[in-house]
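Inspection log for the structure reproduced underneath, given as structure tokens.
In the numbering used here, the protein residues as written are 3 to 281.
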């Protein structure tokens with residue numbers, strides 16, 4: 003019998019979602035869709051519940067947790083209500099990252115595909131997503147309107163960096179499944195910072211992936227994105243420590259999002275200001 007998910011990672015992007023997908027997908031008690039980011043509750047809601055349920059047809063009775071990892075749901079104005087209407091009291095998860103680091107990582111990802119302004123400061127002012135996807139409190143406010151707070155696991159990306167095993171243990175404990183010892187491979191980042199070997203080829207690959215996804219090919223897109231060979235062919239690693247955002251951009255992000263960080267602490271009880279170096 004086809005099952006709908008009872009677990010969703012809802013966002014944000016650039017905060018460990020790919021690592022989480024690649025790790026949990028191997029847990030014997032968890033079924034995740036082969037393709038990360040189905041985008042059902044934001045982009046493809048008109049495809050209907052039957053289509054969505056079919057994405058989880060591989061789940062077995064031995065897998066009590068059936069889930070999806072989609073990094074954009076936290077920020078879509080209708081996703082929370084749609085999830086509440088479609089799923090029966092699901093467990094939800096977010097992983098919060100310093101908005102400066104998240105925006106910088108997102109910009110680097112876009113630039114390796116030839117997207118967005120080449121100047122980070124200009125991009126911050128012209129690409130709404132860069133700041134919008136760091137408005138964590140605003141997104142959580144929408145979700146707590148339709149979902150109980152105790153059904154939302156708020157993780158912090160810094161904990162994944164510092165101790166991946168503890169980060170995973172907290173997640174599996176929240177899900178009520180067995181702990182899963184990590185291997186050395188699991189402890190490494192799956193998609194290191196990179197730049198395109200050819201902007202033209204990388205951009206064409208991204209556009210092709212978008213087209214395939216639009217034509218119900220999410221599983222194929224997922225398989226290619228998870229391929230280390232494909233990643234090596236398209237991109238070459240960069241040393242992130244050698245390229246950093248300028249101080250004016252850092253100050254601008256902190257000014258624009260200070261209230262969001264304050265509300266994460268005061269409303270949601272997650273102490274991040276000092277950890278992120280915000281004053």
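Using N, Cα and C, we set each Cβ at its ideal position, and we do this for glycine too.
Bear in mind that the values here come from a model prediction, so they are computed numbers and not experimental data.
Short Cβ contact (8 Å threshold) for residue i with residue j
i           : j           : result
residue 96  : residue 154 : yes
residue 92  : residue 34  : no
residue 41  : residue 49  : no
residue 267 : residue 140 : no
residue 32  : residue 65  : yes
residue 177 : residue 270 : no
Residue i versus residue j - alpha carbon distance
i           : j           : result
residue 121 : residue 134 : 18 Å
residue 180 : residue 174 : 7 Å
residue 183 : residue 19  : 19 Å
residue 158 : residue 73  : 15 Å
residue 252 : residue 112 : 18 Å
residue 189 : residue 87  : 37 Å
residue 82  : residue 25  : 25 Å
residue 22  : residue 36  : 13 Å
residue 149 : residue 276 : 28 Å
residue 279 : residue 118 : 27 Å
DSSP-derived helix/strand/coil call for residue i
i           : result
residue 155 : strand
residue 27  : coil
residue 258 : helix
residue 167 : helix
residue 268 : helix
residue 77  : helix
residue 96  : strand
residue 116 : coil
8 Å contact criterion, which residue i and residue j should meet: CB distance rounded
i           : j           : result
residue 13  : residue 89  : With a Cβ gap of about 16 Å, residue 13 and residue 89 do not count as contacting.
residue 136 : residue 105 : 6 Å
residue 7   : residue 68  : 5 Å
residue 151 : residue 17  : Their Cβ separation, rounded to whole angstroms, is 20 Å, which puts residue 151 and residue 17 out of contact at 8 Å.
residue 255 : residue 126 : 7 Å
Environment of residue i [buried if 16+ CB atoms lie within 10 Å]
i           : result
residue 128 : exposed
residue 168 : exposed
residue 63  : exposed
residue 250 : exposed
residue 236 : In this prediction, residue 236 scores a pLDDT of 49, lower than 50, which makes its location untrustworthy; the coordinate-derived value is nonetheless stated afterwards. The residue is buried, with at least 16 neighbouring Cβ atoms inside 10 Å.
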